[in-house]
Every structure is written in C-alpha cells, then in structure tokens.
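Structure record follows, encoded as structure tokens.
Number of protein chains: 2
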Amino acid sequence: MGSLRLGLAQLNVTVGDLEGNLRAIVDCNKRARAEEVDLLVFPELTLTGYPPEDLLLQPHFVQANLDHLKKLIPQTKGITVVVGFVDRDHDLYNAAAVLSEGKWVGTYRKAMLPNYGVFDECRYFKPGREFPIFTDGTVRLGVTICEDIWHPIGPVQIEALQGQADLIVNLSASPFHTGRGAEREAMPSTRARDYEVILAFCNLVGGQDELVFDGLSGIWNASGKLVARARSFEEDLLIAEVDVSQAVRRRLQEPRWRFAHLSEPLSKVPTPEMLLPRSLLKTKKSPAPKPRTEPIPPTLEAAYRALVKGTHDYVRKNRFKQVVLGLSGGIDSALVACIAVDALGTKDVIGVFMSSQFSSQASHEDAQKLAEALNIRLLELPIDGIFNSSLQTLAVAFNKKATDKTEENLQARIRGTLLMALSNKFGWLVLVTGNKSEFGVGYATLYGDMAGGLAVLKDVPKTLVYELARWRNAKDPVIPARVFKKHPTAELRHCQRDEDDLPAPYRMLDPILKAYIEEDCSVEEIVERGFPKEIVQRVASLVNLSEYKRRQAPIGIKISPRAFGKDRRFPITLHLTAETDEP
Amino acid sequence: MGSLRLGLAQLNVTVGDLEGNLRAIVDCNKRARAEEVDLLVFPELTLTGYPPEDLLLQPHFVQANLDHLKKLIPQTKGITVVVGFVDRDHDLYNAAAVLSEGKWVGTYRKAMLPNYGVFDECRYFKPGREFPIFTDGTVRLGVTICEDIWHPIGPVQIEALQGQADLIVNLSASPFHTGRGAEREAMPSTRARDYEVILAFCNLVGGQDELVFDGLSGIWNASGKLVARARSFEEDLLIAEVDVSQAVRRRLQEPRWRFAHLSEPLSKVPTPEMLLPRSLLKTKKSPAPKPRTEPIPPTLEAAYRALVKGTHDYVRKNRFKQVVLGLSGGIDSALVACIAVDALGTKDVIGVFMSSQFSSQASHEDAQKLAEALNIRLLELPIDGIFNSSLQTLAVAFNKKATDKTEENLQARIRGTLLMALSNKFGWLVLVTGNKSEFGVGYATLYGDMAGGLAVLKDVPKTLVYELARWRNAKDPVIPARVFKKHPTAELRHCQRDEDDLPAPYRMLDPILKAYIEEDCSVEEIVERGFPKEIVQRVASLVNLSEYKRRQAPIGIKISPRAFGKDRRFPITLHLTAETDEP
Chain X
1 MGSLRLGLAQ LNVTVGDLEG NLRAIVDCNK RARAEEVDLL VFPELTLTGY PPEDLLLQPH
61 FVQANLDHLK KLIPQTKGIT VVVGFVDRDH DLYNAAAVLS EGKWVGTYRK AMLPNYGVFD
121 ECRYFKPGRE FPIFTDGTVR LGVTICEDIW HPIGPVQIEA LQGQADLIVN LSASPFHTGR
181 GAEREAMPST RARDYEVILA FCNLVGGQDE LVFDGLSGIW NASGKLVARA RSFEEDLLIA
241 EVDVSQAVRR RLQEPRWRFA HLSEPLSKVP TPEMLLPRSL LKTKKSPAPK PRTEPIPPTL
301 EAAYRALVKG THDYVRKNRF KQVVLGLSGG IDSALVACIA VDALGTKDVI GVFMSSQFSS
361 QASHEDAQKL AEALNIRLLE LPIDGIFNSS LQTLAVAFNK KATDKTEENL QARIRGTLLM
421 ALSNKFGWLV LVTGNKSEFG VGYATLYGDM AGGLAVLKDV PKTLVYELAR WRNAKDPVIP
481 ARVFKKHPTA ELRHCQRDED DLPAPYRMLD PILKAYIEED CSVEEIVERG FPKEIVQRVA
541 SLVNLSEYKR RQAPIGIKIS PRAFGKDRRF PITLHLTAET DEP
Chain G
1 MGSLRLGLAQ LNVTVGDLEG NLRAIVDCNK RARAEEVDLL VFPELTLTGY PPEDLLLQPH
61 FVQANLDHLK KLIPQTKGIT VVVGFVDRDH DLYNAAAVLS EGKWVGTYRK AMLPNYGVFD
121 ECRYFKPGRE FPIFTDGTVR LGVTICEDIW HPIGPVQIEA LQGQADLIVN LSASPFHTGR
181 GAEREAMPST RARDYEVILA FCNLVGGQDE LVFDGLSGIW NASGKLVARA RSFEEDLLIA
241 EVDVSQAVRR RLQEPRWRFA HLSEPLSKVP TPEMLLPRSL LKTKKSPAPK PRTEPIPPTL
301 EAAYRALVKG THDYVRKNRF KQVVLGLSGG IDSALVACIA VDALGTKDVI GVFMSSQFSS
361 QASHEDAQKL AEALNIRLLE LPIDGIFNSS LQTLAVAFNK KATDKTEENL QARIRGTLLM
421 ALSNKFGWLV LVTGNKSEFG VGYATLYGDM AGGLAVLKDV PKTLVYELAR WRNAKDPVIP
481 ARVFKKHPTA ELRHCQRDED DLPAPYRMLD PILKAYIEED CSVEEIVERG FPKEIVQRVA
541 SLVNLSEYKR RQAPIGIKIS PRAFGKDRRF PITLHLTAET DEP
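Listed in order, the protein sequences are those of chains X and G.
UniProt numbering puts the first residue of the first sequence at 1, with every later residue one more than the last.
UniProt numbering puts the first residue of the second sequence at 1, with every later residue one more than the last.
Spelled out as structure tokens, the structure:
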C-alpha cells in the first residue's frame, strides 16, 4: 500500500470573484500536482467566497459559479480535488465537488446549516441528505463541510460508521474569534479519535467585511494526533503524507460500528459509494514532505493579527491605496495607527491631528511623537474656525439655550467632516478609532468620531485596547508612555474625563458589557456578580438606547464570540421598562 | 346549535414591552367579553411584539414573557382566547396559547418558519411538529401562525383533513408591501374553499423599525367568501358571528378527506384532541353584530398610509416629540414634510432651509410656500459661512487640487451637521429625505443628506415619489406646482441636474434598479428588456459600489417586495468583474 499525500489549500479568496478565485484554485492545483499530491482539499465555497450573502439569490450568479466549476474539471488530471461551490437543483446547496482525472466524480451537500451568530445559511440553502463515500477500491473517503463536523451525532458519525470512511475531509469557512483556535484543535482531534478516522480540516483565510478567517488548517490521524497544521492568518498550501493503511487495515479487521447501535435511524441514511478513477495511494517519485506544524498564536497576538488581517483585506480588497485616521493623542487612535501601519505600511497611513480650544498640549505632542515613531505623515487641521462659524450660524436657532452635549457633538462632527473631505479629495479610506465599550454604551458621535469606512476596534473593549497596545509596544515602543498613563478623555470640553461621562470606569464597565452583550445576562444576574444595581441598569439602558447609532456605524472586525453587526441583531424600537431604567 | 361570535384583536404592540402589551391584551379581552365574544384571537407574538430579534437569545426575556402570559390566564373567564407568545422547552417556539375559563388548555407551535426576506425565524425557533385540535365536543378548532397558512400542503391541510377542523385561526405578523393586501385576500379565501374550513386571520398592525404591519384581518367562510374585514393601518377589534354549524354538519356527513390520499405521511402527523372547558357556541343575550368589511386601500393610498404609519410609530414609540427635516424646495423633502405632518401634526414638524451660493431663488420660495401651506415652522440657516471656513481650514491639506465632488459632499455634510445640532439641542428626530433611486446608486452623501434617524422614502423610487406627491396634492395642493415641473437637482454646484450626474434619467433608472435589486436580474437580462448595455452595467456597478453607504444608512420604511435593510443582505467587499463595469 502506498501512502496518501494530502494537500490543504488554505486560500484567501474574494466574495463574488469567480474568475479570480478560479485562477487561485487552478494555480494551487498546479503546485499540488507538481508536488505529487493525491488529494487536494479547498475551503468551503472556495469558488464564490464566503459568505456570498444575497448574491446567492441571483440565479445568474449561481449559474456562473457552476460554469466556472466546470472549467476546473479538465485541470484535475493526475489528482483528486475537493472544492467548495454552490450546487443547485430546484434548491441551492452549500456543496463540495469531488473532481478526479478530468471527471466530476460526485458531489457532497452540507447537511448541518448554521443559522446563528453571523451565519444565515438557512436563508439560502437546503440541507443535504446523502453522504456519499468516495473510494478507489482501497481507501474510503468522506466529505463534510464546516458545521457538519461540529456535531458528535451527525455527518462524521454517518460517514465513519454507516459509510465506513477511513478519511474524512472538512471544507471550512470558520471565522476567528478569541479562543476559537484552541476549540478548533480539540474538536477534530476528539472526532478523529472517537470515530477512528483520519480528519483533514481545510479552513479559509483572510478578511471579508466583519469576518476574519484565520486558517490553521490541520490534519489529525485516526488516534486524534495532530499530523500537520497550516499557518495562521496567511495563505498556505499544507502538504503532508498520511498513513491511511493503518486506518484501512483496522476497518477491514473490525468495521467501525462501536456506537452504531445507539442511533437507530443511522442505517436508513443513504451512503452511496462513488468510484474514484484514480488511486489515492499512488507511488511517488519525490520524497515525503516533512510534516509542518505551524504554531497557534497566543491570545493577544491572535487578536492583534486578526485586526491587522481584517484591516489589510478590507482596505486592499476594496481597492483603497491609503487610509487616514484622526490621531487624538489617545490610546485608541494610537492602537489603530499601529494596526494600520502593520497592515499597510507606513506610506499608506496618514494621521490627522484636529486641535480645538479643548485640546491639551500633551495630546498634541503625543500625536506627533506617535506619527514620528511610526514614520507616518501627520496633517494638522485646527477646527476652531469652523466650530465658531457653526455656532454663529446656529445662534439664531439656538436662541441662547445653554451649552450642552450639542456643542461637543458638533466638534466631533466637524472632525468627521474634515476626514471625509480628505477621503473624497484623495481617495483615502477613513479608519474609525472607537472601541467596543464606546459602541456599547453609545459614547460616540454619529457622523462624528463614528464617521468612516472601517471601525477597526469596534469589537475591542477599552481594557483590551490597553492590553493590545502594551503588547504591540513591547515589540517596539512607538506609543508614548504618557498615552498609557493619562485618563481617557474626548477633549470636547474643559477637564472632560470619560469616566465622569460614563456610568462606571472602564474596568467595571467592560465586564458588565460583556455579561450583558456577549452572555445575554439579565440585570439581576449581573448584579449578583457583585456590580451595583444602579450602574448595571444604567449600562443596560445605554446599550438599548444606542442601538440606532450602532445601526449606522461602520462595520468592524469581529474578534469576540459576539460582535456588534451581523452577529447581534437588535430592534431599535424597543421598550424594556422592567429591565432597565429607561424613562 | 348557537352561533360562534369571533373576535379578532388587531393590536399595535411594541417589541419588548411585555407589561404594556399585556395591558393592551387584557383591555381588549375585557371589551370582547363585554361583547359576548366566544373566541378571541390575537396576532403572532402578541406578548413580545414582532420581531423580537436577538432579545429572544436572552433567557430572562423569554422567562418574563412566560410569566406575563400566566397573568392573562385568570382573565379568561367566559371566553376562549388564542394569544401569541414564545414557548420554551429545551428550544424556543413561536407559539400560540389557547386559554379558556381560567385554564391554559393547550399550545400550538408554528410549524413553517420563514427565514427569507426580512425574516430570521430559524435563527431563534424550532418548528412545531404537532397539530392539536381544540374542541368543545361540537366545534373543532385548529390554530396556525402566519407562514403556516401560506403553504397549500402544510398545517392547514393537516388540521383540516387529519384533524377535521371546522375553523382554523391564524395569528399573523405579516408586513405590508405594495400588493400584499390583495395577496392576503386571495390566499385565505382559496385555502378556506379548498379545505372547506372557516378561516380567521388576525394580523398585527403598526410600525416596528423597517416594517409596517397593515392589519386588514379577516374572516372567510368555508366556501371562501369574505365575512368581515378589519381596518387597515389602525388598531381594530373586529367582531363577527360565523355560522359554524354548516361546516360542522358538513363534516359529520362527509369527513374532509378529499385530498388526503395524495399525501401519504399525513396520517402520521399527531393531531391530539384537547378539550375546551367552554362551548364555542354559547347563546348570547346581545344581538349579533353587523359584519363590517373595511376597504383595502388602493395602491398609492396604501403606500402613503404605510409611510405615515411607519413614521408615526417610529417617532412615537421611540418617544420623540418632534421631527426636523431639511426642506430643499425639491419634491423629496416636500413629500416627506407631507407625510410627517399627516403622521404627527403641524406643530411637531420643523423644516429647515439651508441655502448656499448654489441655491436658487425658486427653491427658497418653494420651501417657504410648502411650509406655509403645511403650516409648519421654517428655520433658515445659510451654510456659506461654515462652507467658507471649512474650505479655508482644508486649503493647506488640499494644496490647490481642483474642485470636485469633495466640495459638493462638504456642503451636504454641513447641512447634516446643522440638522444634527438642532436634533441634539431640542431633541428633534431628523428625518432623511433621500429616495430609493438615490440609495440604490449611492447618489447621496454619507453623513450629509443621509444623516438622520429615519429615511422615510428609502424604499420609494423617485418616479413613485412624484406619483405619491401628486396623489397627496390631489387631496390638498400643498406642494407648489413648480416643484413637480423643475428638473431634480441637488444644488451643490452651478446648473447641476441629477440627470447629468446619474447614468440615466429616473424614468429609465427606476425600472433598471427594480430589475436588478428586486427581481435579481442579470445585466444581460435587463439589456434584453430594451435598456442600453453600458447604462445597465453602470447602474449595476453603482449599486454594488455603494453598498458601504447603505450599510451606514438610517433605517427606512419597507413598502416594496424588497427594501434595502434587513430585506437585502449584501457584502460590501465584492468583486463582480464579469457582471459590471467595475475597475
């Protein structure tokens, strides 16, 4: 028996770009053939990109995806390829085509459709109900797609027990959030060991709007041991030789039926056999590649790299050359500047310091120092002239009403307008610097500091902003030390401090927000964790009352289990009198 | 045999407001008992409001909904009530409780969950799998919820054939769009006749963010004939006496099995019988109410009233006292002013004319005339001072680059900032006046004319804006005739005309947009309808390129089969080189 040389093509594709994505698939396929790969696996919906959203409702787009898939078939001489596409009969299916020796051998249709969190797959797809086993006469191959593999009783069980698969591949588009990498290690390992199958997980990589796919594709042997792991946050072609003979021999001696008696309907599920025109165990001329195990980045590094990747791909895939952001001298804009520079390079990031009568000398200096340390261009645009002429224009209407938040928001909006003017004039994308704590309680001005194309820190709470900035500074201290020490302030009036405007200091605010937003806790449950009732009620109120702002916020990069955006869908019109302290 | 007095409680509830909604239910129940109603039906998810969205992920909210439902039980002496709530075991269900004589008799769980368009029900609910029949020993009652009734093979069939129901009630939250009223007439009539059952459809009414529920609840007899119809766009308690005896007698003579042989698995569906503690056919002291059949409003009137209702409910449910909008002297702002006045009254609408060097005398006069005719307050805030000081501030950065769209967007953003300043100072909600054609191709300035809380015309194409304005003017000519005649212009530069900036005049643009956005046509298919290829490609490109603007747009009121917002979910990052003329 020869050995099976497995390739995982961890690609960074773009939604809708059938031509470009096919080109990337064909390129990768060429490289894999040159390396004598037997079985090459691509990520979920490789051809269309993920998630294609309502593009799927356009019949011509689905047809074009099928037409492009057909162009790939003749490219599969000497190899077996599993590639993600949208299948169609009367309905649509999230599917994987198995192509080999210039033939379309068969199709697997995803059975478990996620429709929670950021996922809307039931909006588009019907679930598959067949579990074909692809075999060359010796090895038995099962195919699954993303969610399919996350259920202990599901397609893996069916293919391993009913279908007697030796090797199960999984095409994924599994987005990053903090801690996800480790979950994605434990699960396939358990699944492989439980069902005594080799498991190969090929994940997408790259940013798509709110989502960042982090790669980390991997292969586990039938004992659940990791054989090889691909890179994180970067494209990769992971090639590893797996010993299928052990799994095959074990099956021949004792079929995998260990738990079959527990699941009565199992035997009713169709697992038709499809014959591959090519052995999966060809003898190779080239030596077996040394298995590569790239590291899973630790928590802070992973979050930072997700933000860098998300920023890079949003900017570049949307064909912007440069970005601009307001540098206030504070920690948020300092961190965004670092992320932008790490994503795009120093030449493509422009900072703008927009001073007012309320700006401190320290802020000015710190913005300058940061720009110097990062080696980025810094523009200075004072806003007092526009502010004064705005107040003059509004004076008749305001009719001597006392100064209040209006004048603060006005300053923020003047700044937003200036950044957008630079964006219009030079084609720069505006990066928004607000953080998750601010977006949570609405401590941000709509059309002001919320104006821009991408809110880099939208899913990063203020306390994590500090941690990430410290982590980045440890590598290279570009952010002035004073920025870490001073009290956060919007500098929209004299002696303003965030903590005076907010219901609680950030170290208390952030865990309350996490409990309310990410854990769906009630006010009562949060109070039981030791927070003052009045503060928790006020925070909950602010979250609900500021939904209208978030609905108009720019998209941000998801790094937590629940981000604002597609991940959390809340009504604006909402009365929750019992729960919060709303009027 | 007595007759069955049926009540349909067409309520306007608010999402999340369990206390307030319960109060409305109890009030209505009292009125119905006083009128000797036997069976009182409420809309879908009456208690929580519809759609509750991710509130449903909060276990304490679901618990509170159950607690509030229990408070209703003792109020059901002398009546049988069917009310919508969220049921829970391990999973959640969109459910209806049948309460009678102080007892919770049983629960129906919605079987067909819509997960398309604006609907996300698979995100929250599991489908019901039982179809209980509630009977007093004589009459057999089936319960269904909204989508359930739209499928010929589905719950109605099961309850009518397998369950031998005489009367099927449907609790709905069916949002308005143009033409929906007529569809909702034809379908229940057909369904009633096909299955020989009496059908009672109780719809929600009122605005909830993007959606307007238009009421028009109705009752059809077992021949498919309309017995009574409730009001459109307003709360109503529709009471009508229905002759159930005919349906009952017919069933006793010949059970409803006409099509049963066609659906093999039908007999396997559980239709348990639940005994009602009270007859549905009590003898009444009061005379039978005269059946009321309120009219379905014709197309333009329906669209206009949907916009009025949506505006009213968004403003009032979000507890705003007054609204403000920019009056440009053009047709869009004129129509929005009319809608706002019809929704809120003249005292609660403030117009602002914000002149610039590019404003024409005609625009100024027309804005003034409109404000006078509508009897609303008009503020005048010239923007030239702020515009000039902005240009001065930006001069250093712009470095003598030629004037372009930047200076046009700047004016729009200054206007947006002024309106938001008034909003902040006086608590006025800003109404946005842009239309669907502009939102479609991105002919609008983000944070400029797109700034505000509600985009009233977001789902109204420009050509329909004219029709609606003409319709409104026919009742009372408040919009100056000149506004209809002049060429649409943003007045952001000298001699500007929309039609020079746009790929095509509105009469050509609107059908192209409808085909591309609402009908999912390809560029090719639209060209086949007789439009020039270059123009269609350009329109398609603009639609895709402006997705980032729409993502940050305020919500609007859905009146078409596909509105921007929850109804259409498109990626921002998207390459469609083959389809459009993108770079």
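For each residue, glycine too, the CB sits at the ideal point set by N, CA and C.
Any idea which residues DSSP pairs residue i with across the strands?
| i | result |
| --- | --- |
| Gly84(X) | Ala96(X) |
| Gln10(G) | Asp236(G) |
| Phe125(G) | Leu92(G) |
| Ile168(X) | Gly142(X) and Leu199(X) |
| Phe134(X) | Leu141(X) and Met274(X) |
| Ile555(X) | Leu454(X) |
| Ile219(G) | Ala200(G) and Ala228(G) |
| Asp194(X) | Answer is none; Asp194(X) lacks a bridge partner. |
| Asp214(X) | Val205(X) |
| Gly351(G) | Leu325(G) and Leu378(G) |
| Pro43(G) | Paired residue(s): none; Pro43(G) is not in a bridge. |
| Lys103(G) | Ser100(G) |
| Arg5(G) | Glu241(G) |
Between residue i and residue j, how many whole angstroms is the CB-CB distance? I'm expecting something under 8 Å.
| i | j | result |
| --- | --- | --- |
| Ile145(G) | Leu171(G) | 5 Å |
| Ile555(G) | Ala455(G) | 7 Å |
| Thr135(X) | Glu254(X) | Between Glu254(X) and Thr135(X) the Cβ distance is about 19 Å, and since that is not below 8 Å, they are no contact. |
| Asp498(G) | Thr463(G) | Between Thr463(G) and Asp498(G) the Cβ distance is about 13 Å, and since that is not below 8 Å, they are no contact. |
| Arg305(G) | Ser232(G) | 7 Å |
| Leu300(G) | Trp471(G) | 4 Å |
| Pro277(G) | Ser100(G) | 5 Å |
| Thr406(X) | Asn318(G) | Wrong, their Cβ atoms sit about 19 Å apart, outside the cutoff. |
Using a Cβ-Cβ cutoff of less than 7 Å, which residues in the same chain neighbour residue i once the five nearest sequence positions on both sides are dropped?
| i | result |
| --- | --- |
| Lys566(G) | Val118 and Glu210 |
| Lys284(G) | Arg5 and Glu36 |
| Asp366(X) | Gly329, Pro480, Arg482 and Val483 |
| Pro297(X) | Ser232 and Arg305 |
| Met420(X) | Val430 and Ala451 |
Using C-beta distances below 8 Å, list every residue in its chain close to residue i, excluding the 5 sequence neighbours before and after it, in chain order.
| i | result |
| --- | --- |
| Ala337(G) | Leu325, Leu327, Val349, Gly351, Leu370, Ala371, Leu374 and Ile376 |
| His312(G) | Gly207, Ala343 and Leu344 |
Can you tell me which of the three DSSP states residue i falls into?
| i | result |
| --- | --- |
| Pro52(G) | coil |
| Gly565(X) | strand |
| Asp243(X) | coil |
| Pro289(G) | coil |
| Tyr304(G) | helix |
| Tyr506(G) | helix |
| Thr406(X) | helix |
| Gln162(X) | helix |
| Tyr108(X) | strand |
| Gly326(X) | strand |
| Leu492(X) | coil |
| Val336(G) | helix |
| Leu576(G) | coil |
| Leu280(G) | coil |
| Leu422(X) | helix |
| Val432(X) | strand |
| Pro74(X) | helix |
CB-CB under 6 Å to residue i, same chain, minus the five flanking residues each way: which ones, in chain order?
| i | result |
| --- | --- |
| Ser279(X) | Asp136 |
| Val460(X) | Asn435 and Lys436 |
Is there contact between the segment 437-449 of chain G and the segment 535-551 of chain G, where contact requires at least three CB pairs shorter than 8 Å?
These segments touch.
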